[in-house]
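Quick note: to get the numbering used here, add 4 to the position in the sequence shown (first position is 1). Reviewing the structure listed below.
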Amino acid sequence: MKVPFWNSLPARWRRISRWVIGLLLAYTIFGFLVLPLIVRAVAVKKLSTELHREVSIRTVRLNPFVLSASIRGLLIKDKDGEPFVSWDEVYVNFQLASFFGQPWVFKEVRTVNPYVRVQVNKDFSVNFADLIAPSDSTNAPSAPGKPLALRIDRLHVAGARAAYADLTPRTPFTRVLGPLDVTLDNFRTDPGSKNPYSFAGTTDAGEKFAWSGHFFLSPLRSHGDLSLENIALNKYSPLYEDLIRVVVKDGVVDLRSTYSFELSESNRVASVTNVSFSLHSLKISEPHNETNLVELQEFAVTGASVDAIARRAEIASITGAGGHLLVRRDASQAVNLVELSKPADTATNAPGGILLLLQSVTNAVAMLLNSTNQWSATIHDVALTGGAVTLEDFVNSRPVRLELADIAVNAKHLSNVPGTNLTAEVSLRWNTNGTIKVNAEASFTPPTADVQIALDQLDLKPLDPYLESKINVFILGSKLGLDGKLRLRTATNGFPEVSFAGDSRLDDFATVDGVLGEDLLKWKSVRVTGLEANLQPPTIAIKEINITDAEARVVVETNRTINLLAALRSGETNTAPEPTKTLAANVTNAPTTSSLAKLSIASVVFSNAQLRLADRSIQPNVKLAIQQLSGTVANLSSDDLQHADVNLHASVDGVGPVEITGTINPLGQNLTTDLKIVAKNVDLTPTSPYSGKFAGYRIARGKLGLELSYKISGRKLTAKNLIILDQFTFGERVDSPDATKLPIKLAVAVLKDRSGKIELDVPIDGSLDDPQFHLGKVINRAILNVITKIVTSPFAVLGSLFGGKTEELNFVEFAPGSATLSPEGKTKLDSLAKGLYERPALQLDLEGGVNPEVDRDGLRGVALGKQMRSKKWMSLRKSERANLAPDQITLTGAEASQWIETLYKLARDKGELKPLPAVASAVVMTNEFSPPLVPAAKRASAARETEKGASALLNQSNLKVEVSDAPIPLGESSQKPGGTPRVTGVSEMGRALLNAIPVTDGDLQTLASDRAKAVREYLQQSGKVESDRVFLVENQGGELNAKGNRVLLQLK
């Protein structure tokens, strides 16, 4: 029978074994059952006291054999009763080797469902602020000691959660992070130990995050990968709503990055690589506005890296699609993007968490930038497609809305690294059909750029409200285009050298006025070719400007406003402002050409341009058109010495050719002009309403010609205006209150020559600096002065035109008692006939007149001469009388004396003589009479010098009567009172005979009529004046016209 092993042992060993077993049993009971209770009680009491919070632990489990401990059901309540810290279980497996030296070794540390709650209160304090011991600023900081040597073979956290609450914003923000799983293998605190880690989790908002890598504790450094997914921006709005003025309605962010950093006493290193950032479904709006301000379907940044030590940042690519931006300016000129980018009014109420984050970011950035080295940045590739921008402007009464769509940006090698050249392509659609394309090659250091610009069919109509403050015009259509290259270089003096070369165009341009919506200005095409512009020095050179099918309309409305001036908003008066008195000073003080860009245009070409004029203020309306304007203006320049050559031609209403030639210098500082304008065969009938209103007659027919010459030099204008009217004829009369009271038809008749032309030469001189000088007014005044002079002194005008004595053509004088024209009268009538011949539209009224006193004696002398000729004729043989009329009889001096005596005796015997008056009239011949008969006689011609006495009296028909106050000598036989006069000499006999001849008023009236007829007959016999143009005019009432021994002439 075998002895049991226990009994086979020596007593001492059995005793020792009993102690060991007892101790082991006690250790087991104490470790498994007693110590956990003690630890739980002490921990709850101690933690409650230290944390000033309610602490509870459900169970504590210890395994004294494997040196493991497990604390389950820890709950630390915050002061508000909410959980502060909790976990379901914390398991720690401590290795026995840790008791025999460093490091402390843990085989496993495991935490199940840990939870922590962090809360920022309304007073910006945190819920654990009382747990943080205040720093003692009086104690000097101790030198950092060696870190605790620690080794954890496996650290695992499962289901961890962290709750964050911020009560400072208007809307409290809460977020729960987790559940989160963390795995950490071979954790070491030894210098150089590489500690891998990995964790991933979600939030209560469905966001995902993951972090894996390695870290080192001495010195502190780490590298690894970080990812955030499905970050919904709008769910964080309570944190930033008090900082910004916009509402983030939607937007999801994903972020992935590889990072590396080291923080040691000697080195601070931070870098991120392989960063990828994506943002999609972004929607941002203004508060209380459903319209999205910003929309972005997709945006991504890939391959980004930042190295703080190398101070280098790179992005491999930036891509985007489907973006939209709304830019709006309101009536107060506030731009929404500018206003919304300002800090919100409630920015001072920003959440505490955000303030802490901003402070941390600021400190981090300051630390990274704490170097004098310049940062280098490079973006290798940018590709943005499907972008759109809506521009709205409500400053004007008519809002502006412009759509820029299909925006695409492609760029490569954007960098500030010296020697790096970037390339970029930008394209977009302007509204419906317009396109903009830009291709660029540039570098930042040094600044250089070559930019190719292509604009095509840009409609300017959306922009016409910007013209509203200056012009009242609507743009109906336009197609703006530009093709050119912009070049930027940096000169040695540091100033930029900018140049542009290219062509531009504006096609199918059309505008209407803003009042009636009628055409104002339009053209088919304006092309600018060979445009070259430079900034240093400022110059602009254009090879050619080609204007095709341009049309402008100028309309005078019924209220006498002009559409063009109304469109230019020139004021209520609709007239151009008066020049100021400071014009000369302004010209003197004008900037010199050296400070302005030098401009030159090689050629301006007009093709089929036209100007349409309409006047609706008059009835019927007036319509005119200057059409087919074509030609060139060559060599325009701002150089004062350069003059442009003008060669333009057009037509008025399609028939009247117009030519404009000469030289101008409109771009120079010193204005010089030598311009000629010639117009022919311009039909005047369209202007008939003006003639009816202001002249009182419509225009039946007529054409206008112009020969204008304008020269400007030294601010002085010298103008020659030759106005030619061909076949100008007035038509029916118009009863117009505005018509002139002047006999306008007479003026036209005086001016119109035999070929039907009227020529008015109106020279003008004046200074452009004279505020009272207005070219149009001066021309009108000059023409009016000419017409006034014509109608008030028509004979003076005729005389000046055809060589007559201007002051005497309006009458013809006759000898007393005679109706026979004198040589002087014939000379006048010859000049008049020439004038009437050259002015066939003129008519002439003749009104005969007499001087009763002088012409009575003149008629007596004529009658006495006829009696003497008749007596001599009767004394002739019958055969002699047959071939000779009484008026053809001539008398010698002796015969005259003989017949005076004979007639005197016959009259005396018949008792026909009358008593002589106290004073007698002496008959004075125009020829030389014998001194006893007519002492005051004048010689008329050399042929009659030898005729003396009575022969001269009888042979002359032109008599001039003079009245002498001296008594008539009666000779030896003086007249007895009441008796027959007794005379002794021929002279006294002649006076007695004259006194006996009766002359009545009827005879004088007949004399006046005969004188008018004599003038009419002479003009008709000249062959230059038609009979139907000369009229005899009787004195009103049939009374004797005692206006002198003359015929009065009046033009009609």
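Backbone N, C-alpha and C fix where the C-beta goes; we use that ideal spot for every residue, glycine too.
Can you tell which of the options has the C-alpha that lies nearest to the C-alpha of residue i?
i: V650; options: S634, I288, I475 and I630; result: S634
i: A164; options: N125, L675, F191 and N117; result: N117
i: R1050; options: L1023, S1031 and V1019; result: V1019
i: T562; options: R620, P422 and F281; result: R620
i: N234; options: P856, R719 and L286; result: L286
i: I475; options: K483, L490 and L524; result: L524
i: S604; options: P541, Q540, T665 and E536; result: E536
i: K1047; options: F1035, L395, A446 and A1012; result: A1012
i: S264; options: Y244, S336 and S226; result: S226
i: E86; options: V120, L71 and T1010; result: V120
May I ask which residues mark the beginning and end of the beta strand (DSSP E) holding residue i?
i: V858; result: No beta strand (DSSP E) contains V858, which is instead part of the alpha helix (DSSP H) from P856 to S879.
i: E407; result: V404 to S419
i: K198; result: Segment: none, K198 is in no beta strand (DSSP E) and carries neither H nor E.
i: R491; result: V477 to T494
i: E555; result: E555 to V560
i: Y97; result: The sequence shown places Asn at residue 97, not Tyr. That run of the beta strand (DSSP E) goes P87 to F98.
i: E536; result: D523 to N538
i: E112; result: W108 to V116
Can you tell me whether residue i is helix, strand or coil according to DSSP?
i: N293; result: coil
i: V923; result: Legend: pLDDT at V923 = 46, less than 50; position of this residue unreliable, value from coordinates given subsequently. The answer is strand: DSSP assigns V923 an E or B state.
i: R179; result: strand
i: P14; result: coil
i: W379; result: coil
i: N999; result: helix
i: A723; result: strand
i: N238; result: helix
i: N789; result: helix
i: K980; result: In this predicted model, K980 has a pLDDT of only 45, less than 50, meaning its place in the structure is not dependable; the value taken from the coordinates is given anyway. It is coil, neither helix nor strand.
i: T515; result: strand
i: I893; result: coil
i: R1020; result: helix
i: Q1054; result: strand
i: Q614; result: strand
i: D969; result: At D969, the pLDDT of 30 sits below 50, so the modelled position is not reliable and the matter cannot be decided from this model.
i: N1058; result: The first residue shown for the chain is 5 and the last is 1056, placing residue 1058 beyond what the model contains.
i: K50; result: helix
i: A304; result: strand
i: D334; result: coil
i: T565; result: coil
i: R509; result: strand
i: N400; result: coil
i: P466; result: helix
i: F132; result: coil
Tell me whether residue i is buried or exposed, calling it buried when 16 or more other Cβ atoms sit within 10 Å of its Cβ.
i: L958; result: Confidence in L958 is poor, its pLDDT being 37 and thus under 50, which makes the residue's placement unreliable; the coordinate value appears in the next sentence. The residue is buried, with at least 16 neighbouring Cβ atoms inside 10 Å.
i: N497; result: exposed
i: S655; result: buried
i: P451; result: exposed
i: S129; result: exposed
i: F734; result: buried
i: D189; result: exposed
i: K1057; result: As shown, the chain starts at 5 and ends at 1056. That puts residue 1057 outside it, with no answer to give.
i: V46; result: exposed
i: T63; result: exposed
i: E522; result: exposed
May I ask which residues mark the beginning and end of the alpha helix (DSSP H) holding residue i?
i: G897; result: G897 to K914
i: Y119; result: Per DSSP, Y119 belongs to no alpha helix (DSSP H); it is in the beta strand (DSSP E), Y119 to V124.
i: E318; result: Not the alpha helix (DSSP H): E318 falls in the beta strand (DSSP E), residues R316 to I319.
i: Y841; result: P827 to E842
i: K882; result: K882 to A886
*Which ranges does the alpha helix (DSSP H) cover as unbroken runs of at least 4 residues, wholly within the region 632-709, from first to last along the chain?*
692-698
*Hey, which unbroken runs of the alpha helix (DSSP H) at 4 residues or more fall wholly within the region 729-786?*
748-755
*Counting only runs of 3+ residues fully inside the region 423-461, write out the beta strand (DSSP E) ranges in chain order.*
426-434 and 438-447
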